Amino acid sequence: MFKILNQEDRARRGVLSTVHGEIQTPVFMNVGTCAAIKGGISSNDLYDVNCQVELSNTYHLHLRPSDKVIYNMGGLHKFMNFNKPILTDSGGFQVFSLAAIRKIKEEGVYFASHIDGSRIFMGPEESMQIQSNLASTIAMAFDECIENPAEYEYTKMSSERTIRWLYRCKEEMDRLNNLPTTINKKQMLFGINQGSTYDDIRIYNMKQIAKLDLDGYAIGGLAVGDTVEQMYHTIDVVEPFMPINKPRYLMGVGTPVNIIEAVSRGVDFFDCVMPSRNGRHGTLFTSKGIISVLNEKYKEDKSPIDENCNCPACRFYSKGYIRHLFKAKEMLGMRLGVLHNLYFYNNLMKEIREAIETNTFNEYKKEKIEVLGKRI
RNA sequence: GGGAGAAUUCCCGAGCGGCCAAAGGGGGCAGACUGUAAAUCUGUUGCAUUAGCUUCGGUGGUCCGAAUCCACCUUCUCCCA
Numbered sequence: 003m004f005k006i007l008n009q010e011d012r013a014r015r016g017v018l019s020t021v022h023g024e025i026q027t028p029v030f031m032n033v034g035t036c037a038a039i040k041g042g043i044s045s046n047d048l049y050d051v052n053c054q055v056e057l058s059n060t061y062h063l064h065l066r067p068s069d070k071v072i073y074n075m076g077g078l079h080k081f082m083n084f085n086k087p088i089l090t091d092s093g094g095f096q097v098f099s100l101a102a103i104r105k106i107k108e109e110g111v112y113f114a115s116h117i118d119g120s121r122i123f124m125g126p127e128e129s130m131q132i133q134s135n136l137a138s139t140i141a142m143a144f145d146e147c148i149e150n151p152a153e154y155e156y157t158k159m160s161s162e163r164t165i166r167w168l169y170r171c172k173e174e175m176d177r178l179n180n181l182p183t184t185i186n187k188k189q190m191l192f193g194i195n196q197g198s199t200y201d202d203i204r205i206y207n208m209k210q211i212a213k214l215d216l217d218g219y220a221i222g223g224l225a226v227g228d229t230v231e232q233m234y235h236t237i238d239v240v241e242p243f244m245p246i247n248k249p250r251y252l253m254g255v256g257t258p259v260n261i262i263e264a265v266s267r268g269v270d271f272f273d274c275v276m277p278s279r280n281g282r283h284g285t286l287f288t289s290k291g292i293i294s295v296l297n298e299k300y301k302e303d304k305s306p307i308d309e310n311c312n313c314p315a316c317r318f319y320s321k322g323y324i325r326h327l328f329k330a331k332e333m334l335g336m337r338l339g340v341l342h343n344l345y346f347y348n349n350l351m352k353e354i355r356e357a358i359e360t361n362t363f364n365e366y367k368k369e370k371i372e373v374l375g376k377r378i
């Protein structure tokens, strides 16, 4: 299933085979929560920005249009007409992000819908059932993502509950994959490590979930209030306990620099709303650093966002024009911003892969870390 | 021709004697954004920035003190002819 092709120190170059095709890792998954990348990006555009994996959300799609509708439409791939791998997040992150409108119990989480306030319940079984209906390539375990900093005792209790939830997820996923009515009977399941910034909880948690023979393992609960140093430290602490022959996924991360740092620590999968959200807001990633095309200095700038970029925005349009689109609140501005950022992220991953293949990743890292995080 | 009302900082618009460099929008400028309740949020927006200086159509006046009161002028809107 997952094969490591090359390795340079802890950085891995691998390939994950799925029913929807191969995923070359390290990979960045492009976040389209509601079965669309925000900013007017179609699944067809995703091919143009070299997206390998699209990511959608269980909670959001359950509420609207409902997993039943998507099941009846033939699953997410047919629904959004995307034929590459799709990962669905479990709704666990919403336990964190919708904190004001939910209650957590052993059986699962009671939410008030952010759309109409109606009461909804989601536990491990419900999350698996919904994701099975969505028929994504990879389903994520239903977890509780805790905000940092967190109390030790609460973290311990919560992450142990998340382990129990994972066992229930695994059992339910096995059952669903054997149902004749299931669209994707080879749906993969990734488990999620939690434990906030407490090394002992993280390690205990990782050891427990590694016992299940899952298709991949994620590190969750990072970049949610912790410092960047704490995040790197936690990866360093947990990574040695992650199965080497399974993909590792750092959830919700991050900046280009975060990604390079995490790859060097043995992480294979990433996802983040940053390229799409920042793209919508005019903050764009370039090979020379980060820019805001909204800045006045680009008013009459005839050059593309990035001279070295071959994305649909950079091939045809100038910064001056794109700035105008943002200022005029023309939808095309956001669209071009997001296309550029996604292309940049997917290309960054390609460069990382090539660097590991040619055993030059350490140099690549050294060189890029200086530049990519800089605001210019 | 007669009558009524209005002119505020880039724009709209509040203020109607001191607590006003002047509310609130918009626009401008800058920043934030990490498993998306985010086409969102925050800061800033007269000049100098320490004191201070110059603003509320214009000119003059009342008052310790005026964007606010009075007189005239200018422009605009509405009503009656």
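Going by my numbering, the first residue of the first sequence is number 3, and it counts up by one from there.
Cβ coordinates follow ideal geometry from the N, Cα and C atoms, glycine included.
It should be emphasised that the depicted structure is a prediction, and the values quoted were computed from it without experimental measurement.
DSSP, read as helix, strand or coil, puts PHE144 in coil. Its chain contains VAL265, ASP270, MET351, ILE354 as the residues whose beta carbon lies nearer than 6 Å to that of PRO28, once the 5 sequence neighbours on both sides are disregarded; these appear in chain order. Here DSSP, grouped into helix, strand and coil, assigns PHE243 to helix. Closest option to MET3, judged by alpha-carbon separation, among TYR323, ALA357, SER305, LEU216: LEU216.
Going by C-alpha positions, LEU344 is about 27 Å away from ASP69.
Rounded to whole angstroms, the separation of the alpha carbons of ILE39 and THR60 is 15 Å.
In the structure shown, ALA152 adopts coil according to DSSP, grouped into three states. DSSP places GLN232 within a helical segment (H, G or I) once states are collapsed to three. Assignment of beta-bridge partners to SER294 by DSSP yields THR285. Two segments are said to touch when three or more pairs of C-beta atoms, one from each, lie closer than 8 Å; by this definition the segment 139 to 152 touches the segment 91 to 106. When beta bridges are read from the DSSP output, PHE113 appears opposite ARG104, ILE122. Between the segment 237 to 253 and the segment 4 to 12, the count of C-beta pairs closer than 8 Å reaches three or more; the two stretches touch. Taking 8 Å as the upper bound for CB-CB distance, VAL33 and VAL275 are in contact here, some 5 Å apart. Judged by their CB atoms, HIS283 and CYS313 are not nearer to each other than the 7 Å cut-off. Within the DSSP bridge table, the entry for ARG317 names no partner.
In this structure, the straight-line span from the alpha carbon of TYR251 to that of GLY223 is close to 12 Å.
Here THR199 is near ASP228, since their CB atoms are less than 7 Å apart. Per DSSP, ASP273 lies in no alpha helix (DSSP H) segment; the continuous beta strand (DSSP E) that holds it begins and ends at 271 to 274.
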